[in-house]
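For reference, the structure discussed in these notes is given below.
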Amino acid sequence: MLKKMDVQTLPKKKTISKGKMKKSIKNVLYRPDAVRWPQTSENDSLELETALSTYRVDIPVFKKPHWNELKHIEKEKRPKAPPIPKVEGLIFGISEGLTALENRQCWAVIIEASVVPRTIVQPVIEACVQDNIPVVCLAGLRKISLNHFGIPTSCLCIKNEQLPDLKNQILAISNKFNKPIKLEQNKKIVEPMEVDTAIENQNDTNISKNEFSYLHRSDKRTRVFIPSDAKEVAKNDFSGQNFISFSNNQESESNSKEFMKMTVKKILGNANRVKRKKN
Numbered sequence: 042m043l044k045k046m047d048v049q050t051l052p053k054k055k056t057i058s059k060g061k062m063k064k065s066i067k068n069v070l071y072r073p074d075a076v077r078w079p080q081t082s083e084n085d086s087l088e089l090e091t092a093l094s095t096y097r098v099d100i101p102v103f104k105k106p107h108w109n110e111l112k113h114i115e116k117e118k119r120p121k122a123p124p125i126p127k128v129e130g131l132i133f134g135i136s137e138g139l140t141a142l143e144n145r146q147c148w149a150v151i152i153e154a155s156v157v158p159r160t161i162v163q164p165v166i167e168a169c170v171q172d173n174i175p176v177v178c179l180a181g182l183r184k185i186s187l188n189h190f191g192i193p194t195s196c197l198c199i200k201n202e203q204l205p206d207l208k209n210q211i212l213a214i215s216n217k218f219n220k221p222i223k224l225e226q227n228k229k230i231v232e233p234m235e236v237d238t239a240i241e242n243q244n245d246t247n248i249s250k251n252e253f254s255y256l257h258r259s260d261k262r263t264r265v266f267i268p269s270d271a272k273e274v275a276k277n278d279f280s281g282q283n284f285i286s287f288s289n290n291q292e293s294e295s296n297s298k299e300f301m302k303m304t305v306k307k308i309l310g311n312a313n314r315v316k317r318k319k320n
């Protein structure tokens, strides 16, 4: 009789339940004050786009030849795209706009409303608020600028005394938003710093500078230099914003209510972030 042999079977793999996705919570510092973001409404956006279209330039159409044709032509003789005419009075770019604001060369600013993150254009808005320059956020500015001027940009500045119609349109839209409260900067308190040092010498020894210019050890167990028992009493009276007061002087005139403390906010990761593709 043949005996039945036990056949060993492989253990089944346990199915992993998907369950709930783990959420990573991060603690970040954020500004306690409300960030100014003057985004235009639909009607204002259409009016502003119409005002920009009046300065539209003719963008030449250029079709780049295929590489099979270009490789037989010398590099210097290859066809190049014709230059796009520029509008006199417009400044394109965030860094160029900041430089123009610092030099007080522009009197109106338009910013892309859908820029991500907003922090890259926040310095432009703060500079406009500081100098009382009208600024608005227009949705689709990059596309509008590309179609009208051939340059996609997230910041469009208007130079001083140029394009007054466009400037007045921006000013009329910006006046619809509440103006932020402008805080006055603390004035620097400049006071002379007086340090009174009173040294009480217990040993009345007058030693000239020429005596004992070099000290030599006579024994390894004894010290050559023996410090004096004189006590130094220093009264340091510091005042001002950049100093710490060690005495009971009057308090600084700076108002601490003008500053707001940074607060901690818990945020989740961005689920719509651009993920790296796996090879």
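Numbering (the numbering used here), first residue to last: 42 to 320. Glycine included, each C-beta is placed from N, C-alpha and C at the ideal position.
Annotation note: the stretch 112–172 contains the following uninterrupted beta strand (DSSP E) runs of length 3 or greater, listed N- to C-terminal: 131–133, 147–153.
Nearest in C-alpha terms to Arg183, of all of Ile151, Glu88, Lys217, is Ile151.
Around the Cβ of Ala122, a 10 Å sphere holds fewer than 16 other Cβ atoms; the residue is exposed. The C-beta separation of Leu93 from Ile185 comes to about 6 Å, placing the pair in contact by the 8 Å criterion. Here Ala141 is buried: its Cβ has 16 or more other Cβ atoms, across all protein chains shown, within 10 Å.
The Cβ-Cβ distance between Ala149 and Pro124 does not fall below 8 Å. Under DSSP, Lys307 shares a beta bridge with Asn68.
For Ile214, there is no enclosing beta strand (DSSP E); the enclosing alpha helix (DSSP H) covers residues 205–215.
Taking C-beta atoms under 8 Å as the contact rule, Gln80 and Cys178 qualify, at a distance of about 4 Å. Going by C-alpha positions, Thr50 is about 41 Å away from Lys316. In the DSSP assignment, Lys184 falls within the alpha helix (DSSP H) that extends over 182–190. In the structure shown, the three-state DSSP call for Leu93 is helix. In this structure Ile308 is in contact with Val69, their Cβ atoms being roughly 6 Å apart against a cut-off of 8 Å. For Leu87, the closest of Ile214, Asp270, Lys318 by C-alpha to C-alpha distance is Ile214. For the set Pro120, Cys147, Ala75, Lys272, the Cα lying nearest the Cα of Leu212 is the one of Cys147. In this structure, the alpha-carbon of Gln163 lies about 20 Å from that of Asn311. The alpha-carbon separation between Thr160 and Pro52 amounts to approximately 55 Å. Assigned with DSSP and collapsed to three states, Leu197 falls in strand.
When secondary structure is reduced to three states using DSSP, Leu87 falls in the helix class. For Leu179, the enclosing beta strand (DSSP E) begins and ends at 176–179. For Pro120, the closest C-alpha among the options His113, Ile132, Pro106 is that of Pro106. In this structure, Ile192 and Phe133 form a Cβ contact; the two beta carbons are roughly 5 Å apart against a cut-off of 8 Å. CA-CA distance, Lys220 to Pro205, rounds to 22 Å. With respect to Glu129, Gln210 sits apart: the two C-beta atoms are not nearer than 8 Å.
Separation of Thr304 and Glu90 (C-alpha to C-alpha, rounded to the nearest whole angstrom) is 39 Å. One alpha carbon belongs to Tyr255, the other to Phe266, and they sit about 11 Å apart.
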